[in-house]
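Participant: I have a structure here, written as C-alpha cells, and I will follow up with some questions on it.
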Amino acid sequence: MVLKHKWLKEASLEFESALEYVHREFGEHSVQKVYSEVSDCIKVLKTFPDAGLRYKDLSYKGKEVRIFHMKRSSVIYCHDEQTLFILAFWNNYNDDTIIADVLSGR
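Sequential numbering from 88 applies to the sequence shown in the numbering used here.
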C-alpha cells in the first residue's frame, strides 16, 4: 500500500527557503534538479517508509523518527499505517545534533 504524505508547515517552509536559495545562487536548472530529487525521495518513502535510517531514539508523537539522506539535504520524517509525515527538510551542512531540539518545537 502506498501512503499519502503530509508536510508539516515548518518543513514545507524549510523546503521553500532551500529552493529560493538554490534559485538565487545557482539558477532555475538547479532548482528543478533539487525539486526532482526531493519528489523522487518522497515517492520512494511513500512506498517503502522504512527506507530511511532510524534517527537515534528520537520519536515524534509516539512514532519513530527516520532520516533519508540525499546529496546535500535530508528528509526527516515519521509514518503511521496511512500517512508519511515530513517533519523537516534538513541541510546536511547543518549541525545534526540540534535535530531533536528543532523537532521538539513542532
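Think of the CB as a built atom: it goes at the ideal place given N, C-alpha and C, for glycine as much as any other residue.
Nothing here was measured: the structure is a model prediction, and the numbers come from that model.
Return the bridge partner residues of Y147 from the DSSP annotation.
Facilitator: In DSSP, Y147 forms a bridge with K150.
Participant: Helix, strand or coil for A175 per DSSP?
Facilitator: Here A175 sits in strand by DSSP.
Participant: What residue does the beta strand (DSSP E) around K130 start on, and which one ends it?
Facilitator: Per DSSP, K130 belongs to no beta strand (DSSP E); it is in the alpha helix (DSSP H), E115 to T134.
Participant: Which residues share a DSSP beta bridge with T170?
Facilitator: Its beta-bridge partners are K91.
Participant: Report the partner residues of F155 according to the DSSP bridge assignment.
Facilitator: Per DSSP, V162.
Participant: Could you tell me if A98 is buried or exposed, where buried requires 16 or more neighbouring beta carbons within 10 angstroms of its beta carbon?
Facilitator: A98 should be labelled buried.
Participant: Rounded to the nearest angstrom, what separates F176 and I186 at their Cα positions?
Facilitator: Looking at the two C-alpha atoms, the distance is approximately 11 angstroms.
Participant: Compare the Cα-Cα distances from C128 to each of Q119, G139 and V118 and report the closest residue.
Facilitator: The candidate whose alpha carbon is nearest that of C128 is G139.
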